[in-house]
Every structure is written in C-alpha cells, then in structure tokens.
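Heads up, the thing below is written out as structure tokens.
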Amino acid sequence: MHVDAIPSDALTREKVIGIMVQRFGDQFTTADAIRERHGKGESYHSTASPDGVFFAKSTEDVAEVVKICADHKFPIIPFGVGTSLEGNIAALKGGICIDLSMMKEVLEINEEDLDVKVEAGVTRKQLNDHLRDTGLFFPIDPGADASIGGMAATRASGTNAVRYGTMRENVLSLTVVTADGRIVQTARRAKKSSAGYDLTRLFVGSEGTLGIITEIRLKVYGIPEAITSAVCQFEDLESAVNTSILIVQTGIPVARMELLDDVQMGACISYSKLEGYEEKPTIFFEFHGTEAGAKEQAETVQGIAEEFGGSAFQWTSKMEDRNKLWQARHDAYYAAIALRSGCQGWATDVCVPVSRLAECINETKDDLKKTGLISPLVGHVGDGNFHMLYIVDPDNKDEMAKAQEHSDRMVMRALEMGGTCTGEHGVGYGKIHFLTDEHGDAMSLMRSLKTAFDPDNIMNPGKIVNI
354 MHVDAIPSDA LTREKVIGIM VQRFGDQFTT ADAIRERHGK GESYHSTASP DGVFFAKSTE
414 DVAEVVKICA DHKFPIIPFG VGTSLEGNIA ALKGGICIDL SMMKEVLEIN EEDLDVKVEA
474 GVTRKQLNDH LRDTGLFFPI DPGADASIGG MAATRASGTN AVRYGTMREN VLSLTVVTAD
534 GRIVQTARRA KKSSAGYDLT RLFVGSEGTL GIITEIRLKV YGIPEAITSA VCQFEDLESA
594 VNTSILIVQT GIPVARMELL DDVQMGACIS YSKLEGYEEK PTIFFEFHGT EAGAKEQAET
654 VQGIAEEFGG SAFQWTSKME DRNKLWQARH DAYYAAIALR SGCQGWATDV CVPVSRLAEC
714 INETKDDLKK TGLISPLVGH VGDGNFHMLY IVDPDNKDEM AKAQEHSDRM VMRALEMGGT
774 CTGEHGVGYG KIHFLTDEHG DAMSLMRSLK TAFDPDNIMN PGKIVNI
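Count along the sequence shown starting at 1, add 353, and that's the number in the working numbering.
This is the structure:
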C-alpha cells in the first residue's frame, strides 16, 4: 500500500526541485521507483515517498542541500540503506531525501587509541571487513547490515550489547549538519570530557530530527584471543529467562546471550538446517577472552543452566560451527517468514528491567495465544530486550488489526513494568504515540529541544515528537 505524502506547497516544491536539478544534475532524481524505494524501510509501515532523492558524496554536499531546503523551509529526510523498522525514513510531508549510502569511506583507524572514524554510509559488515587485518572489530550488530549512520541515528543495538553496550556507549563523536546547514563536531578525540553539554549523546538516537549525521567516530575492540559459542535448551521460557537473569546477576562477562522461543527455534532448525536440536526455548551463548577464561565462563554458565533444567548444553570453539550458529540467529527473520508463505513479517520490540523480563515475556505470550496469530519471539535477554515478529497477511485487515492491538498491549505492559516502548528500533512515526506515556512531562523538554535545533520543523518531520 502507498500513502501519498502530505503535499508540500506546490510552488516551493517546484522551485526546490528546479534548484536541485540545476545544481546537482545526476546526483538528484525524481524518478518514481527511486522515490518509492526511499519512502519505506523494512517494515509493515506504509510507503510515504519524498519529492526527490539526492545522493550525497560528502558532508559538504549534505550541508549545501540542507541550506537550500532551509532557505525554502522544505522538509529533509536522511536515508542510510533502508533497514529501519518503525517508519523512520517515511517522508510524511514530502521533501528531499538525502541518501548517504555513497559516503562509505573509512576515514581513520587509530589502532593505539582503539577508535575509528567512518562516513555515515559505511555498513557494519563493511567496517569489520576493513578492520579484519588490524586485529580489531566493531561489536554492534543489529540483525540487518545497517549503515553506521543509521545505527547511530536510531541508537541501535544487537546481540553483543550485553557485553559491549549499544551505539550510545560506542559512539565517541559525530560530524553533524544542523538544520541551518552548519557543519559541527560534537566532541574531540579524548576518551572522556566534562566540558559542556554532551551533544554526541543528544544526536545519537535523534533519527535525523535535530541534524544529519555524516561522520561517526567509534570505539573498536581487539579481537578476543578465544571465542567459544554454546547452545542450551529448556522445557519452558521462564526457565530460560531465569537462567539469563542469574548469569547477569552473577557477573559472568558473557558476550552474547540470545533467547529463541520454541516457534522461532523450530523455524531456525528448518531454515538453517540445524541438526541435533528440538523445537524448545533455546539460548545461544558466546564467550570472549583467553582460552582458559572462555572455557571457564562456558562451564560456569552450564552449571547455572542445569539448575533451571537446561539440557543438551553444547559448546564449541570451532569457527565453522560458531559461524553456522550465529548465521542461523541472524537469519531468524527470514526463517520466521518462511513459516507461512505469502505473508510478511512485522517486527517490533520492547525492553524491560531484567528482573521483570520473565513476567513480561510470559504475559505477552499468553496474550498472543488469544489472538491466533503466529509470532516467534527472540530476545537479547542479557539486557531485557525482546522482539516479536508477527507473520501476517498485509491484505487481511483483521490480522493486521490483531497484530497492532497485541503490539500496543505489549508496549503498555512494558511501560507499566518500568520499561520502554523500543529497545533498539527507534521511534519513527510507528511508536510516536507512546512517547508521552513513557516520558510524561519530559516531552515538553524534547519539543523545546526540537524547536531550538530545528525551528522550521524541516528535519525528518513527524518523527519522535510532533511540532
């Protein structure tokens, strides 16, 4: 389904497009197919196409386009590689989409300081491929091969967050183009500073509503001496979740701890040809350290898992086996969709305090049974974050309504437990209606920030806060 954007003023639109064509030539297009592709991410949200798409090659390019749009109070929407899940890139008011995918240079690698500087269009896989020969790696790994700029803009996370944190903890500084076209650096290279406001943290997670991120300085880490992966299966979800809670409370520095419910595990067994496993709630683990340290971590976790009835605990340090296991985890989305032909996946997430995780998951699963929907569950259980993936027919209004209602109840349940409406997908326009429930009076401060940074509301309007 395609939703027409709220039309920009026709004369202004015509004037801005004319300027863009004259100034940038082939870097700018109004082709319908390209505009439509840039109006939708990998989500169930309807397409809202921009009026034109500009392919930036530098920060200066971005600044020039922003100045043109600012002069005409014309909307701007940043775009990485289009993997967002909450309508983050939909052009709700038309405007110019600035595609950053051509900005894919790794600008600096500082091995002694363990940091790198990249352009916004570099993807996480491209960065790690570039780093491989240095003995360093960047650990944040959302399911998609997202752009680093998009990951920073949505405050993304991934399977390694339990040990290495999210984008919030791993972005050191940014180059940002503000709503009036200025190019600013949010911080210097020092690992810490108490000088002034923390602009880096402000822009990380702002989804292009305050400025456009064009360059990112990141923490990187030494590739561990030894990496061990393990799998353990449980009779029920509560036992699996309680295992993960005790592991976190015990302080074991597990690198990855991923929960798959029985439905998702069954899908992965079929799709990824996993052998020797049953359709049961399952946790995938990974341990980093020295050979002795990784082995000790695995053995300690095995003991905890067995206290909660965990069985078939298998662990390996062979790269081939580890890669197959984690590829299956990253392919969980495609495995789930394969459960029902002709349907699409509707992904959503929440995050709660770890102490409330078992309760939240159990209530969500019990609620799901009443709907008749198919929705596998996966979770970054080490930090209380879990995802539902509704497998739905987008043309079936009843199914879509049931999925929306179940998702809304899950979000409100998470908020009542002290959690958040989104752990790592961002707000976009898909969850904007939950922000007041989550933040209360603080929303007035967010609106004041938005107005101060973007007085004409041209930066990705209709996302995070409504002005």
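Beta carbons: idealized from backbone N, C-alpha and C, even for Gly.
For residue i, collect the residues of the same chain with a Cβ closer than 7 angstroms to its Cβ; drop the 5 residues on either side in sequence, then sort them by chain order.
| i | result |
| --- | --- |
| A689 | Q617, A620, G698, P729, L742 and I744 |
| E649 | none |
| T724 | K755 and H759 |
| G371 | none |
| I605 | Q650, T653 and V654 |
| E464 | T487 and L489 |
What number of angstroms, rounded off, separates the C-alpha of residue i from the C-alpha of residue j?
| i | j | result |
| --- | --- | --- |
| I598 | T519 | 19 angstroms |
| G474 | A754 | 35 angstroms |
| N738 | I501 | 21 angstroms |
| N481 | F666 | 30 angstroms |
| M504 | L726 | 30 angstroms |
| D807 | I820 | 10 angstroms |
| A514 | K718 | 24 angstroms |
| V601 | E652 | 15 angstroms |
| V529 | A540 | 11 angstroms |
| T643 | P577 | 7 angstroms |
| E639 | S396 | 29 angstroms |
| G447 | V419 | 15 angstroms |
| T553 | S559 | 10 angstroms |
| M812 | H733 | 32 angstroms |
| I462 | L590 | 43 angstroms |
| Q586 | M373 | 57 angstroms |
| E588 | L612 | 13 angstroms |
| Q538 | S526 | 7 angstroms |
| A711 | Y517 | 23 angstroms |
| I449 | A795 | 30 angstroms |
| K426 | P814 | 12 angstroms |
| S547 | L555 | 15 angstroms |
| M770 | R709 | 7 angstroms |
| I536 | I785 | 28 angstroms |
| R534 | V434 | In the sequence as presented, Arg is not what sits at residue 534; that position holds Gly. One C-alpha to the other measures close to 23 angstroms. |
| K457 | R542 | 21 angstroms |
| V369 | M610 | 49 angstroms |
Can you tell me which residues form a DSSP beta bridge with residue i?
| i | result |
| --- | --- |
| S500 | T476 |
| W699 | Y743 |
| D468 | N463 and K572 |
| I451 | F407 and P431 |
| F637 | V584 and E611 |
| L445 | G447 |
| T382 | V406 |
| T412 | Its beta-bridge partners do not exist; DSSP assigns none. |
| T773 | C704 |
| M373 | Per DSSP, none; premise fails for M373. |
Do the CB positions of residue i and residue j come within less than 8 angstroms of each other?
| i | j | result |
| --- | --- | --- |
| P428 | G561 | no |
| S670 | T581 | yes |
| A608 | W668 | no |
| Y630 | L467 | no |
| L563 | V524 | no |
| S623 | D684 | no |
| A681 | L627 | yes |
| A409 | V415 | yes |
| V780 | K816 | yes |
| D404 | R376 | no |
| D568 | H778 | For clarity, residue 568 is Glu in the given sequence; the question names Asp instead. No. |
| G776 | S402 | no |
| T603 | I657 | yes |
| T436 | A386 | no |
| I442 | H483 | no |
With a CB to CB cut of under 6 angstroms and the five nearest residues on each side skipped, what residues in its chain are close to residue i?
| i | result |
| --- | --- |
| T382 | V406 |
| H355 | For H355, the predicted model reports a pLDDT of 49, less than 50, meaning its position is unreliable; a value from the coordinates is still stated below. Answer for H355: T400, listed in chain order. |
| A363 | none |
| M799 | V818 |
| E632 | D615, M618 and G619 |
| I565 | V415, P431 and V530 |
| R508 | M520, R521, V557 and G558 |
| F787 | V764 and C774 |
| T701 | M741 and S760 |
Who are the near neighbours of residue i in its chain, counting only those whose CB is closer than 8 angstroms to its CB and skipping five residues on each side?
| i | result |
| --- | --- |
| G695 | D746 |
| A767 | V703, C704, V705, C713, T773 and C774 |
| S592 | P634, F661, G662 and G663 |
| E659 | F666 |
| K545 | none |
Complete alpha helix (DSSP H) runs within the stretch 705-754 (minimum length 4 residues, chain order):
Assignment of alpha helix (DSSP H) within the stretch 705-754, counting only whole runs of 4 or more residues, yields 710-724 in chain order.
Segments assigned beta strand (DSSP E), at least 3 residues, entirely inside the stretch 553-611:
Within the stretch 553-611, the complete beta strand (DSSP E) runs of at least 3 residues are 564-572 and 579-586.
Please list the segments of the beta strand (DSSP E) lying wholly inside the stretch 648-686, counting only runs of 3 or more residues, in order along the chain.
Here the runs fully enclosed are 664-669.
Could I get the ranges of all uninterrupted alpha helix (DSSP H) runs contained in the stretch 490-548, with 4 residues as the minimum, in chain order?
Taking only runs of at least 4 residues, the alpha helix (DSSP H) segments lying wholly in the stretch 490-548 are 501-507, 514-517 and 520-523.
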